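Input: a single structure, listed below in structure tokens.
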Amino acid sequence: MLKGKNIVLAVCGGIAAFKAAALVSQIIQAEANVKVIMTKSAKEFITPLTFQALSRQPVYDNTFIEPDPTKIAHIDLADWADVVLVAPTTANVIAKLANGLADDMLTTTLLATKAQVYVAPAMNVNMYSHPAVLRNVETLKRDGFTFVDGSEGFLACGWTGKGRMAEPEDLLQVLKSHFTVKTRALAGKRVLITAGPTQEKVDPVRYFTNHSSGKMGYAIAQAAKDQGADVILVSGPTSLQVPEGIQVEHIISAQEMYEAAMKYYHQADIVIKAAAVADYRPSETFTQKRKKQNGDWFVGMERTIDILKTMGENKNSQILIGFAAESEHVEEYATKKLQAKNLDLIVANNILMKGAGFKGDTNVITTITKDGKKKEYPLLSKAEAAISILNDIASYMERKGNL
1064 MLKGKNIVLA
1074 VCGGIAAFKA
1084 AALVSQIIQA
1094 EANVKVIMTK
1104 SAKEFITPLT
1114 FQALSRQPVY
1124 DNTFIEPDPT
1134 KIAHIDLADW
1144 ADVVLVAPTT
1154 ANVIAKLANG
1164 LADDMLTTTL
1174 LATKAQVYVA
1184 PAMNVNMYSH
1194 PAVLRNVETL
1204 KRDGFTFVDG
1214 SEGFLACGWT
1224 GKGRMAEPED
1234 LLQVLKSHFT
1244 VKTRALAGKR
1254 VLITAGPTQE
1264 KVDPVRYFTN
1274 HSSGKMGYAI
1284 AQAAKDQGAD
1294 VILVSGPTSL
1304 QVPEGIQVEH
1314 IISAQEMYEA
1324 AMKYYHQADI
1334 VIKAAAVADY
1344 RPSETFTQKR
1354 KKQNGDWFVG
1364 MERTIDILKT
1374 MGENKNSQIL
1384 IGFAAESEHV
1394 EEYATKKLQA
1404 KNLDLIVANN
1414 ILMKGAGFKG
1424 DTNVITTITK
1434 DGKKKEYPLL
1444 SKAEAAISIL
1454 NDIASYMERK
1464 GNL
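Under the working numbering, read the sequence shown as residues 1064 to 1466, first letter to last.
And the structure:
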């Protein structure tokens, strides 16, 4: 569940900082991306070089160091994060966060991020039970922070009791569960998905089509069903088995896909247009097989209806998602399509990139949302890519207040 996810780990000053190094290693092994923020006090216990070596990323420890003049580092980091974990978290940092202070890289980043923040406290048992600390903890919980406590036990100070930081293995599971829990956001939602190619008839034995296998759309349909959605699948011709429990309507041509998709469009909460629909069809078709003749044969072509554009023009409250399978200028063309067709999110990929083309079981995707959030993913199975797409849709809906 963590593959390709962006995790910010904030490390505060405490003896438990050494556990954070083990956690970074485990996050990397789970194939997630991790960037580390360190407070000044944290560097008294463990060096930034340790985290740099483990994460293969620069360590953020100074608000005023701006290596890229085109970006503000703490804002860029805040926007990059899918989730933030502060581990270990000291009483001092809890107090700062509870009062909205922003005097270092950690606090400025956390004030700017919209990602979920998890807090793993580590301190003396008496400090943790102090009324001021308890008051600050309650404030942060009301603000949406989630606390992850470790088990009671022997503390570095010699006391025994509450205050141990949760173990790296437990914190890794919290991160995994975060993305698992997020998938429940589609429960009760009606999701319309189009998948596969279309076939545009020339005569009884010939047609124009494309290389789409339908695997990406079917994977999204399965993932949406697993996440509790009521799924309607409009599918072009494929050899794939329809996932159990999904309503499906099989079509052949672009016109048939348009009619079927629009029939369900206004009933849907989310519409994911993953099908590779023909842009053109023969302007003349034959009821009998056209026999081979001497010389060349030129087939006139006419435009099919632009289903996605029509949906965008007639959108009410639906969340509308399109795909951009490009061979060049991928992000540029995808962004133009996002805007021109009134989409909420677009999934872009370079069909010439190894592992990202048609028919395969893997994909390399980038998602771009209407509010400017971009996520680039490494090579994923199409099942993993489907979950990532649905998570990004859920995050966008949360930002819009639709969940």
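Backbone N, C-alpha and C fix where the C-beta goes; we use that ideal spot for every residue, glycine too.
All figures in this text were calculated on a predicted structure; none of them were measured in a lab.
Cβ distance (whole Å) where residue i is taken to contact residue j below 8 Å
{"i": "T1373", "j": "V1340", "result": "Actually they are not in contact, since the Cβ atoms of T1373 and V1340 sit about 11 Å apart, beyond 8 Å."}
{"i": "E1389", "j": "N1413", "result": "6 Å"}
{"i": "K1336", "j": "I1315", "result": "Wrong, their Cβ atoms sit about 18 Å apart, outside the cutoff."}
{"i": "A1229", "j": "A1282", "result": "So it is not a contact: roughly 34 Å between Cβ atoms."}
{"i": "T1102", "j": "H1137", "result": "Actually they are not in contact, since the Cβ atoms of T1102 and H1137 sit about 13 Å apart, beyond 8 Å."}
{"i": "Q1310", "j": "L1296", "result": "7 Å"}
{"i": "G1308", "j": "G1259", "result": "That pair is no contact at about 19 Å."}
Residue burial classification, residue i (beta-carbon count within 10 angstroms, cutoff 16)
{"i": "S1284", "result": "One point to set straight first is that residue 1284 is Ala, not Ser, in the sequence displayed. So A1284 ends up on the buried side."}
{"i": "L1072", "result": "buried"}
{"i": "T1430", "result": "buried"}
{"i": "R1227", "result": "buried"}
{"i": "D1167", "result": "buried"}
{"i": "I1128", "result": "exposed"}
{"i": "K1400", "result": "buried"}
{"i": "N1162", "result": "exposed"}
{"i": "Q1304", "result": "exposed"}
{"i": "F1361", "result": "exposed"}
{"i": "N1454", "result": "buried"}
{"i": "Q1092", "result": "exposed"}
{"i": "N1357", "result": "exposed"}
{"i": "T1133", "result": "exposed"}
{"i": "E1201", "result": "exposed"}
{"i": "K1041", "result": "Since the displayed the chain opens at 1064 and closes at 1466, residue 1041 lies outside it and no answer follows."}
{"i": "L1112", "result": "exposed"}
{"i": "R1344", "result": "buried"}
{"i": "A1287", "result": "buried"}
{"i": "E1263", "result": "buried"}
{"i": "P1130", "result": "exposed"}
{"i": "D1359", "result": "exposed"}
{"i": "Q1402", "result": "exposed"}
Cross-strand partners of residue i (DSSP beta bridge)
{"i": "A1343", "result": "Strictly speaking, residue 1343 in this sequence is Tyr, with Ala absent from that position. DSSP, once it has assigned bridges, lists R1366 as partnering Y1343."}
{"i": "E1394", "result": "Note: E1394 sits in no beta bridge, so no partner."}
{"i": "Q1310", "result": "I1295"}
{"i": "R1269", "result": "D1266"}
{"i": "I1431", "result": "I1409, K1437"}
{"i": "F1210", "result": "V1182"}
{"i": "T1152", "result": "P1184"}
{"i": "N1069", "result": "N1096"}
{"i": "L1255", "result": "I1295, V1334"}
Span separating the alpha-carbon of residue i from that of residue j
{"i": "T1257", "j": "L1065", "result": "27 Å"}
{"i": "K1252", "j": "P1306", "result": "17 Å"}
{"i": "I1078", "j": "Q1120", "result": "23 Å"}
{"i": "N1096", "j": "D1139", "result": "15 Å"}
{"i": "E1322", "j": "K1417", "result": "35 Å"}
{"i": "L1117", "j": "E1439", "result": "21 Å"}
{"i": "L1255", "j": "H1329", "result": "10 Å"}
{"i": "G1076", "j": "E1107", "result": "7 Å"}
{"i": "M1186", "j": "V1196", "result": "11 Å"}
{"i": "T1350", "j": "F1421", "result": "31 Å"}
{"i": "H1241", "j": "N1069", "result": "12 Å"}
{"i": "P1194", "j": "A1150", "result": "22 Å"}
{"i": "G1277", "j": "K1436", "result": "27 Å"}
{"i": "G1207", "j": "L1415", "result": "43 Å"}
{"i": "G1385", "j": "D1434", "result": "15 Å"}
{"i": "T1018", "j": "I1333", "result": "Because the chain in this structure spans residues 1064 to 1466, residue 1018 falls outside the shown range and cannot be described."}
{"i": "S1088", "j": "L1173", "result": "23 Å"}
{"i": "S1275", "j": "E1391", "result": "18 Å"}
{"i": "S1192", "j": "Q1236", "result": "26 Å"}
{"i": "V1099", "j": "L1383", "result": "35 Å"}
{"i": "V1265", "j": "T1301", "result": "19 Å"}
{"i": "P1153", "j": "E1461", "result": "The displayed chain sequence assigns Thr, not Pro, to residue 1153. Taking the straight line from one Cα to the other gives about 30 Å."}
Assigned secondary structure, residue i (DSSP; H/G/I helix, E/B strand, else coil)
{"i": "I1452", "result": "helix"}
{"i": "D1233", "result": "helix"}
{"i": "P1121", "result": "coil"}
{"i": "V1074", "result": "strand"}
{"i": "Q1115", "result": "helix"}
{"i": "I1283", "result": "helix"}
{"i": "E1094", "result": "coil"}
{"i": "Q1179", "result": "strand"}
{"i": "L1303", "result": "coil"}
{"i": "P1130", "result": "coil"}
{"i": "A1337", "result": "coil"}
{"i": "N1189", "result": "helix"}
{"i": "R1227", "result": "coil"}
{"i": "N1357", "result": "coil"}
{"i": "T1102", "result": "coil"}
{"i": "I1135", "result": "coil"}
{"i": "I1157", "result": "helix"}
Distance cut-off 8 Å: residue i Cβ against heavy atoms of the ligand MN
{"i": "T1261", "result": "For the structure depicted, the ligand MN is absent and the ligand set is empty, with no information on it obtainable."}
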